[in-house]
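Colleague: Here this note's numbering is used: position 374 in the sequence shown is 546, and no number is missing along the way. First, the structure itself, so that you have it in front of you.
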Amino acid sequence: MVDSWVNLAERLGSDLHLELAGSGGRRSTLIRALREAVRDGRLAPGTRLPPYRSLAADLGLARNTVAEAYSELVAEGWLVARQGSGTQVAPRTGPTRFPHVPEKPAHAAPPTHNLRQGQPDAASFPRAAWLAAARRALNAAPNEAFGPGDPRGRHELRRALAEYLTRARGVRTTPERIVVCSGFAHALRLLFGGRVLRGPLAVESYGLAFHRAILEEASVRTVPLPLDERGALTDELASLKGVRAALLTPAHQFPTGGPLHPQRRVSAVDWARTRDGLILEDDYDGEFRYDREPVGAVQGLDPERVVYIGSLSKSLSPALRLGWLVLPEHLVTSVLTAKGQREAWASVVDQLTLAEFIDSGHYDRHIRRMRQHYRTRRDRLVAALAANAPHIAPTGIAAGLHAVLRLPSGTEDSAVTAAARQSIALDGLAAFRHPAATMPAHDGLVVGYATPSDHGYGPALEALCRILPPAPSPAD
Ligand SMILES: Cc1ncc(COP(=O)(O)O)c(C=O)c1O
Numbered sequence: 173m174v175d176s177w178v179n180l181a182e183r184l185g186s187d188l189h190l191e192l193a194g195s196g197g198r199r200s201t202l203i204r205a206l207r208e209a210v211r212d213g214r215l216a217p218g219t220r221l222p223p224y225r226s227l228a229a230d231l232g233l234a235r236n237t238v239a240e241a242y243s244e245l246v247a248e249g250w251l252v253a254r255q256g257s258g259t260q261v262a263p264r265t266g267p268t269r270f271p272h273v274p275e276k277p278a279h280a281a282p283p284t285h286n287l288r289q290g291q292p293d294a295a296s297f298p299r300a301a302w303l304a305a306a307r308r309a310l311n312a313a314p315n316e317a318f319g320p321g322d323p324r325g326r327h328e329l330r331r332a333l334a335e336y337l338t339r340a341r342g343v344r345t346t347p348e349r350i351v352v353c354s355g356f357a358h359a360l361r362l363l364f365g366g367r368v369l370r371g372p373l374a375v376e377s378y379g380l381a382f383h384r385a386i387l388e389e390a391s392v393r394t395v396p397l398p399l400d401e402r403g404a405l406t407d408e409l410a411s412l413k414g415v416r417a418a419l420l421t422p423a424h425q426f427p428t429g430g431p432l433h434p435q436r437r438v439s440a441v442d443w444a445r446t447r448d449g450l451i452l453e454d455d456y457d458g459e460f461r462y463d464r465e466p467v468g469a470v471q472g473l474d475p476e477r478v479v480y481i482g483s484l485s486k487s488l489s490p491a492l493r494l495g496w497l498v499l500p501e502h503l504v505t506s507v508l509t510a511k512g513q514r515e516a517w518a519s520v521v522d523q524l525t526l527a528e529f530i531d532s533g534h535y536d537r538h539i540r541r542m543r544q545h546y547r548t549r550r551d552r553l554v555a556a557l558a559a560n561a562p563h564i565a566p567t568g569i570a571a572g573l574h575a576v577l578r579l580p581s582g583t584e585d586s587a588v589t590a591a592a593r594q595s596i597a598l599d600g601l602a603a604f605r606h607p608a609a610t611m612p613a614h615d616g617l618v619v620g621y622a623t624p625s626d627h628g629y630g631p632a633l634e635a636l637c638r639i640l641p642p643a644p645s646p647a648d
């Protein structure tokens, strides 16, 4: 028997492989293979089979063998032969091997009001401009772009990023110092999972538990650094034993919201210089500052002591999974080694599209438009609180896509529970606190204002104001 598979794609208009391997005569092997293809749904009901002469020629079988196989399958009810329209798969052919199981939804039912921090406004994704950039980028791309990718990332993108980050974020770099990755989480995995850096690592006392989990997975011990309204207490870095790297969110402390004070920026870099250490700068939403110019990157103070990490997750969409590391020169090779020989994460097509999106000015335009949009959202939140809950102070509101509502001590848990009961998705500050943090805990709600739709935002704010704890009575 022919020991191979046969591709009937051309004849059937869709891809079909027939396994003709195995013992038995030619006729019975062909019957078995066709029956299997019908049974498991690869040959759908109504599909027209090629005339037996052509199939015989394709398979190198005698015409009789194929004709007999067709007849037998017709007799068994798998196929039907119709005058003038050849042989087809019968309309209904017994149970398929893989019964249809409706896909389970990936998430529980969505909340009525989504005020959870973390995402930009999905409805504002610039679909038309992104598509147009993709078309231009693909037209201009050389053929080699469609081969295996360079782990550094496309040079077009690294050049565009170097220019943009220098101009807009005060980063000092050249394209050679940039390595493209698939977002901040991937950068952390490369640096620590890839053993470019080792722990222990100083982190802010409040931050994303998800990022701490990535570090834990890489066996990196994290040491919490206290925070106040001026950001992380970087002067305390010197007292942390064995720590030679610190992960900070200097433009907009996540989630409490303030920028790192200029003196603390300097003291962090000084500490890194004297300790032969590093600052990891998470610049996750640095472009979104409303009441004055964005705060520049700490990296600009010393490019050899700061690993700058950026991402599209807040500025465009977390679905793109694109980010970048701007590295001190001595780390470039080891990060590339951790990444592997070929680009295995970031789509080259998306990289080229982003390069074109930046070069054509659309990225800047999008940022300016979204800054205005989020500023309006923030102003509405502040106004709603002033009108309905003037005793609740919104903080961290000068930048970003979320605010922290400071609550009277001891009321956070009940506010989070009340929110859940009203189907409002949000988190309390406790969800972000490092388990080993020693600084005093503050009660508060972290409220994201980017996610609700335009028509849903007003009702979301009303619902939020209803679950906030009442003003303490004068006797309290
Ligand atoms: C604190 C913080 N850092 C970084 C990021 C970006 O993460 P990623 O690029 O992995 O989506 C986010 C979320 O967007 C964030 O909240």
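For every residue, glycine included, the Cβ atom is placed at its ideal position computed from N, Cα and C.
Using a 10 Å radius around the Cβ and a threshold of 16 neighbouring Cβ atoms, would you call Arg-549 buried or exposed?
Modeller: Buried, since its Cβ has 16 or more Cβ neighbours within 10 Å.
Colleague: Between the beta-carbon of Val-520 and the beta-carbon of Leu-473, is there less than 7 Å?
Modeller: No, the Cβ-Cβ distance between Val-520 and Leu-473 is not below 7 Å.
Colleague: Are Gly-510 and Gly-600 touching if we call contact CB-CB under 7 Å?
Modeller: Note that residue 510 is Ala in the sequence shown, not Gly. Result no, Cβ atoms of Ala-510 and Gly-600 do not sit closer than 7 Å.
Colleague: With H, G and I counted as helix, E and B as strand and the rest as coil, what does DSSP make of Asp-407?
Modeller: Three-state result, Asp-407: helix.
Colleague: Can you give me the start and stop residues for the alpha helix (DSSP H) that Glu-501 sits inside?
Modeller: Per DSSP, Glu-501 belongs to the alpha helix (DSSP H) from 501-511.
Colleague: Using the Cα positions of Phe-529 and Arg-638, report the straight-line distance between them to the nearest angstrom.
Modeller: Between Phe-529 and Arg-638, the C-alpha separation is close to 42 Å.
Colleague: Could you check whether the stretch 341-348 touches the stretch 366-375, counting it as contact only if at least three pairs of C-beta atoms, one from each stretch, sit closer than 8 Å?
Modeller: The stretch 341-348 is not in contact with the stretch 366-375.
Colleague: Just to be sure I understand the criterion: a residue counts if its Cβ is closer than 7 Å to at least one heavy atom of ligand 1. Which residues meet that?
Modeller: Answer in sequence order: Gly-290, Gly-355, Phe-356, Ala-357, His-358, Gly-379, Leu-380, His-383, Thr-421, Phe-426, Asp-454, Tyr-456, Ser-483, Ser-485, Lys-486, Pro-490, Gly-495.
Colleague: For the alpha helix (DSSP H) containing Asp-455, list its first residue and its last residue.
Modeller: That residue, Asp-455, is in no alpha helix (DSSP H); it is neither H nor E in DSSP.
Colleague: Thinking C-beta only, is Ala-518 closer than 7 Å to Ser-354?
Modeller: A contact, by the Cβ cut-off of 7 Å.
Colleague: What do you get for Asn-286, buried or exposed, if any count of 16 or more other CB atoms within 10 angstroms of its CB means buried?
Modeller: Burial call: buried.
Colleague: DSSP state of Gly-414, grouped into three classes?
Modeller: It is coil, neither helix nor strand.
Colleague: According to DSSP, what are the bridge partners of Gln-260?
Modeller: Paired residues: Arg-220, Val-252.
Colleague: Decide if Ser-176 is buried, meaning its Cβ has at least 16 other Cβ atoms within 10 Å, or exposed.
Modeller: Only weak support is given to the placement of Ser-176: the predicted model assigns it a pLDDT of 45, under 50, and the value that follows is read from those uncertain coordinates. So Ser-176 counts as exposed.
Colleague: Within the chosen definition, does the stretch 403-420 reach the stretch 613-630 through at least 3 CB pairs nearer than 8 Å?
Modeller: No, they do not touch.
Colleague: Taking the alpha carbon of Asn-560 as the reference point, which residue from Arg-605, Thr-567, Glu-634 has its own alpha carbon closest?
Modeller: Among Arg-605, Thr-567, Glu-634, the Cα nearest to that of Asn-560 belongs to Glu-634.
Colleague: Report yes if the CB atom of Leu-432 is closer than 7 Å to the CB atom of Pro-422, and no otherwise.
Modeller: In contact: Leu-432 and Pro-422 (Cβ atoms closer than 7 Å).
Colleague: Buried or exposed: which applies to His-502, given that a residue is buried once 16 or more other Cβ atoms fall within 10 Å of its Cβ?
Modeller: It is exposed - the Cβ of His-502 has fewer than 16 other Cβ atoms within 10 Å.
Colleague: Quick check on DSSP: helix, strand or coil for Leu-380?
Modeller: Reduced to three states, the DSSP call for Leu-380 is coil.
Colleague: Just how far apart, CA to CA, sit Pro-646 and Thr-583?
Modeller: Answer to the nearest angstrom: the Cα atoms are 17 Å apart.
Colleague: Which of the three DSSP states, helix, strand or coil, is assigned to Ser-176?
Modeller: For Ser-176, the predicted structure reports a pLDDT of 45, less than 50, and the residue's modelled location is therefore unreliable. A value from the coordinates is still provided. Note: Ser-176 maps to coil in three-state DSSP.
Colleague: For the alpha helix (DSSP H) that Trp-443 lies in, which residues bound it at each end?
Modeller: 434-446 is the extent of the alpha helix (DSSP H) around Trp-443.
Colleague: Give me the DSSP bridge partner(s) of Pro-566.
Modeller: Paired residue(s): Leu-577.
Colleague: Find the nearest neighbour of Leu-231 within the set Asp-293, Leu-192, Glu-208, Val-351, judged by alpha-carbon distance.
Modeller: Looking at the Cα atoms, Leu-192 is the closest of the given residues.
Colleague: Cα-Cα, which of Pro-314, Gly-379, Ala-357, Leu-202 is closest to Ala-390?
Modeller: The shortest C-alpha separation from Ala-390 is found at Ala-357.
Colleague: Return the chain-ordered list of same chain residues with a C-beta closer than 6 Å to the C-beta of Gln-660, the five sequence neighbours on each side being excluded.
Modeller: What is shown of the chain runs 173 to 648, which leaves residue 660 out entirely.
Colleague: By DSSP, does Thr-394 sit in helix, in strand, or in coil?
Modeller: It is a strand residue.
Colleague: Starting from Trp-302, trace the alpha helix (DSSP H) in both directions and tell me its first and last residue.
Modeller: First-last of the alpha helix (DSSP H) with Trp-302: 299-312.
Colleague: Going by other Cβ atoms of all chains shown within 10 Å of its Cβ, with 16 needed for buried, is Pro-475 buried or exposed?
Modeller: The residue in question, Pro-475, is buried, as its Cβ has 16 or more Cβ neighbours within 10 Å.
Colleague: To the nearest whole angstrom, what separates the beta carbons of Val-619 and His-545, a pair I think is in contact under 8 Å?
Modeller: With a Cβ gap of about 16 Å, Val-619 and His-545 do not count as contacting.
Colleague: Might you give, ordered along the chain, the residues of its own chain that have their beta carbon closer than 6 Å to the beta carbon of Ala-643, omitting 5 neighbours on each side?
Modeller: His-563.
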